[in-house]
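Presented below is the structure to which this report refers.
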Amino acid sequence: MMFHHEAIWAIAALTTAGVIIRPFRIAEWVWAVTGAALLVVMGLIPVSMAGAGILKGGDVYLFLIGMMLLSETARANGLFDWIATSAVNHAAGSTSRLFTLVYLAGVVVTTFMSNDATAVVLTPAVLAVATKAKADPLPLLFACALIANAASFVLPVSNPANLVLYDGALPALGSWMASFALPSLMAIVTTYLVLRLIERKHLRQACASQVEPMRLTVGGRAALAGIVLTAVLLVTISAFDRPLGLPTALAGVAMALAVSVLARRSPLTLVKEISWGVLPLVAGLFVLVEAIDSTGLIGEIAQILKRAAQSDPTAAALGSGSLLAFISNLMNNLPAGLIASEAVVQAHPPRLVVDNLLIGVDLGPNLSVTGSLATILWLQVIRRGGEDVGFLQFLKIGAVAMPVALVTALGARLLMG
Numbered sequence: 001m002m003f004h005h006e007a008i009w010a011i012a013a014l015t016t017a018g019v020i021i022r023p024f025r026i027a028e029w030v031w032a033v034t035g036a037a038l039l040v041v042m043g044l045i046p047v048s049m050a051g052a053g054i055l056k057g058g059d060v061y062l063f064l065i066g067m068m069l070l071s072e073t074a075r076a077n078g079l080f081d082w083i084a085t086s087a088v089n090h091a092a093g094s095t096s097r098l099f100t101l102v103y104l105a106g107v108v109v110t111t112f113m114s115n116d117a118t119a120v121v122l123t124p125a126v127l128a129v130a131t132k133a134k135a136d137p138l139p140l141l142f143a144c145a146l147i148a149n150a151a152s153f154v155l156p157v158s159n160p161a162n163l164v165l166y167d168g169a170l171p172a173l174g175s176w177m178a179s180f181a182l183p184s185l186m187a188i189v190t191t192y193l194v195l196r197l198i199e200r201k202h203l204r205q206a207c208a209s210q211v212e213p214m215r216l217t218v219g220g221r222a223a224l225a226g227i228v229l230t231a232v233l234l235v236t237i238s239a240f241d242r243p244l245g246l247p248t249a250l251a252g253v254a255m256a257l258a259v260s261v262l263a264r265r266s267p268l269t270l271v272k273e274i275s276w277g278v279l280p281l282v283a284g285l286f287v288l289v290e291a292i293d294s295t296g297l298i299g300e301i302a303q304i305l306k307r308a309a310q311s312d313p314t315a316a317a318l319g320s321g322s323l324l325a326f327i328s329n330l331m332n333n334l335p336a337g338l339i340a341s342e343a344v345v346q347a348h349p350p351r352l353v354v355d356n357l358l359i360g361v362d363l364g365p366n367l368s369v370t371g372s373l374a375t376i377l378w379l380q381v382i383r384r385g386g387e388d389v390g391f392l393q394f395l396k397i398g399a400v401a402m403p404v405a406l407v408t409a410l411g412a413r414l415l416m417g
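Under UniProt numbering, the sequence shown has 288 at position 288, and the numbering climbs by one with no breaks.
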């Protein structure tokens, strides 16, 4: 039995390493699916357990499908390019002002369309406009990367990890805002101030005062209207404490079809451009966590969490949130969030502890470039655009920005009681 458990842990560790490091440049989802398949083929878990793990992610898959359709529709119709170009022209030759406008654009996109949308569709638009404006792209690209995580708990829809940690049972919108409005504001503001301080030399440089303005096409205007309507819909649904997956998926399908008709484009073109590999990636991770749970490891974590919460809820909240923030950089925040979610289900800790765990899993990945799916996607996007950021280069910024934002966000949540 001990060898059985060790084999599961070994496969889980190697799979997670494959997802983060991507040896031989093999896609992340391949490693996740291969690891899950090995667990079944080697008889370490039954097929029924793997199936149960996959089904647990139903709401997350639907949410991701909807958000990917919304994001790709907006990108294909020039909405993000229009936003980025407008930011340059409003910056009027000031790189510092351009940095602030890009950061604010990232806050809006992350809040209403998820952190992955900021990484995948806003980042290339910002990179293209930085080139046009003859500005140093790295401060602007770091703004996209860090805000993708710092603003990812403003709303339940801001990060798929939010659905994961609460196991699909998200708090009602009013309750969510009561818990996270101040902590998310603190995270956004402190991350901005730290990044601006670190990049101050680069931000003193001038940039082009004007680039050729873009006219928003009919499709772009329709995409903008669709995003606004979807945001209103999801906020309303959150207020009634209902699952977000199916409504998000339906909104994404409806917007993609409607905008494609207006723009006279085939919706199949949109479908082909979406990176669908994220779905088997998440499904594979759900299976891995189900297997780890079968070894009793998550149960032990849950007992530790339960005892800590009973002894001193405030210390447990601060400690568990901080620990999860750093663990998310060792194993990526998706599997870390899944494990934390299972531990929460078994331990039934106070809401304060769960909220601080969410802050840790959302904000922690700003430490390293491998911390979240959003930052991994961000790195792929900038490499395709001819830029690159090494692990240590990102860590130099993340080692300052993440702890400062984490302390202020966790502290704000603790002060709220």
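Each residue gets a CB set at the ideal place from its N, CA and C atoms; glycine is no exception.
Notebook entry, point to check: Between the segment 244-264 and the segment 65-74, do three or more beta carbon pairs fall short of 8 Å?
Noted result: Segment contact: the segment 244-264 against the segment 65-74, three or more CB-CB distances shorter than 8 Å; contact assigned.
Notebook entry, point to check: Going by C-alpha distance, which of T191, R383, M113 is nearest F99?
Noted result: Ranked by Cα distance from F99, the options T191, R383, M113 are led by T191.
Note to self: Suppose contacts are defined by Cβ-Cβ distances below 8 Å. Is A119 in contact with L377 by that definition?
What the structure shows: A contact, by the Cβ cut-off of 8 Å.
Margin query: Taking 8 Å as the threshold (C-beta atoms), are P267 and G279 in contact?
Written below: As written in the sequence, residue 279 is Leu, which differs from the Gly given in the question. Taking 8 Å as the Cβ cut-off, L279 and P267 do not qualify as a contacting pair.
Margin query: Rounded to whole angstroms, what is the Cα-Cα separation between R264 and V121?
Written below: Going from the Cα of R264 to the Cα of V121 covers about 22 Å.
Next item on the list: Could you check what DSSP says for S294 in three-state terms: helix, strand or coil?
Entry: Of the three classes helix, strand and coil, the one that applies to S294 here is helix, per DSSP.
Check: Between which two residues does the alpha helix (DSSP H) carrying R242 extend?
Finding: Boundaries cannot be given for R242, as no alpha helix (DSSP H) includes it and DSSP labels it neither H nor E.
Next item on the list: Kindly indicate which three-state DSSP category A206 falls into: helix, strand or coil?
Entry: In the three-state reduction of the DSSP assignment, A206 falls in the strand class.
Check: Would you call S320 buried or exposed, if buried means 16 or more other Cβ atoms sit within 10 Å of its Cβ?
Finding: Buried, because 16 or more other Cβ atoms sit within 10 Å of the Cβ of S320.
Item checked: Helix, strand or coil at S94 [DSSP, three-state] -> S94: strand per DSSP, three-state reduction.
Note to self: For a quick check, are the C-beta atoms of G78 and G277 less than 8 Å apart?
What the structure shows: Note that the C-beta distance between G78 and G277 is not below 8 Å.
Notebook entry, point to check: Which class does F99 belong to by DSSP, given the choice of helix, strand or coil?
Noted result: Looking at F99 - three-state DSSP - the assignment turns out to be helix.
Note to self: Buried or exposed, going by whether 16 or more other CB atoms sit within 10 Å of the CB of G371?
What the structure shows: Label assigned to G371: buried.
Next item on the list: Evaluate contact between the segment 409-417 and the segment 346-357, counting only Cβ atoms and requiring at least three cross-stretch pairs below 8 Å.
Entry: Yes, since at least three Cβ pairs between the segment 409-417 and the segment 346-357 fall closer than 8 Å, the two stretches touch.
Note to self: Do G364 and N329 have their beta-carbon atoms positioned less than 8 Å apart in this structure?
What the structure shows: Contact annotation: N329 and G364 have beta-carbon atoms nearer than 8 Å.
Next item on the list: Identify the continuous alpha helix (DSSP H) that holds L44 and give its terminal residues.
Entry: That residue, L44, is in no alpha helix (DSSP H); it is neither H nor E in DSSP.
Check: Buried or exposed: where does K56 fall if 16 or more other Cβ atoms within 10 Å of its Cβ makes it buried?
Finding: Buried, since its Cβ has 16 or more Cβ neighbours within 10 Å.
Next item on the list: Buried or exposed for Y20, please, with buried defined as at least 16 other CB atoms from any protein chain shown within 10 angstroms of its CB.
Entry: Here residue 20 is Ile; the residue named in the question, Tyr, does not match the sequence. Sixteen is the threshold: when 16 or more other Cβ atoms of the shown chains lie within 10 Å of the Cβ of I20, as they do, the residue is buried.
Item checked: Alpha-carbon spacing of S175 relative to N89, whole angstroms -> So the alpha carbons of these two residues sit roughly 39 Å apart.
Notebook entry, point to check: In the structure shown, what three-state DSSP assignment does W276 receive?
Noted result: Residue state, collapsed to three classes: coil.
Check: Exposed or buried, what is G386 when buried is set at 16 or more other beta-carbons lying within 10 Å of its beta-carbon?
Finding: Counting Cβ neighbours within 10 Å, G386 comes out exposed, since fewer than 16 surround it.
Check: Sorted by chain position, which residues of the same chain lie with C-beta nearer than 7 Å to P335's C-beta, five sequence neighbours on each side aside?
Finding: Excluding sequence neighbours, P335 sits near T16, L285, L288, V289.
Check: What residue does the alpha helix (DSSP H) around F391 start on, and which one ends it?
Finding: Judged by DSSP secondary structure, F391 falls within the alpha helix (DSSP H) whose first and last residues are 391-416.
Next item on the list: Please check the pair A172 and D241, which I expect to be a contact at CB under 8 Å, by giving their CB distance rounded to whole angstroms.
Entry: About 4 Å separates the two Cβ atoms, so the contact holds.
Notebook entry, point to check: Span of the alpha helix (DSSP H) holding S179?
Noted result: It spans 173-198 - the alpha helix (DSSP H) in which S179 sits, taken as one unbroken run.
Note to self: Which residue wins for smallest C-alpha separation from L406, given the options L185, C144, D388?
What the structure shows: Out of L185, C144, D388, L185 has the C-alpha closest to the C-alpha of L406.
Notebook entry, point to check: Does DSSP put F153 in a helix, in a strand, or in coil?
Noted result: Correct three-state label for F153: coil.
Check: Is it true that the CB of A347 sits closer than 8 Å to the CB of L305?
Finding: Result yes, Cβ atoms of L305 and A347 sit closer than 8 Å.
Notebook entry, point to check: If we count Cβ pairs, one from each stretch, closer than 8 Å, do we get three or more for the segment 201-211 versus the segment 142-150?
Noted result: Touching, no, given that fewer than three Cβ pairs across the two stretches are closer than 8 Å.
Margin query: Please classify F24 as buried or exposed, where buried requires at least 16 other C-beta atoms within 10 Å of its C-beta.
Written below: Answer is exposed; the Cβ neighbour count stays below 16.
Check: Closest by CA to S158, which one among A181, L352, S260?
Finding: Per the Cα distances, A181.
Checklist line | Own chain residues within Cβ distance below 8 Å of V102, not counting five before or after | finding: Closer than 8 Å at Cβ, skipping near neighbours: A84, A87, V126, L140, A143, C144.
Notebook entry, point to check: Below 8 Å between beta carbons: does that hold for S71 and L170?
Noted result: Cβ distance not < 8 Å, so S71 and L170 don't count as in contact.
Notebook entry, point to check: Do you know whose CA, among L197, V218, A223, lies nearest S96's CA?
Noted result: Looking only at L197, V218, A223, the smallest Cα-Cα distance to S96 is reached by L197.
Checklist line | Three-state secondary structure (DSSP) of A135 | finding: Coil.
Next item on the list: Tell me whether N332 sits in a helix, a strand or coil according to DSSP, three-state version.
Entry: Assigned with DSSP and collapsed to three states, N332 falls in coil, not helix or strand.
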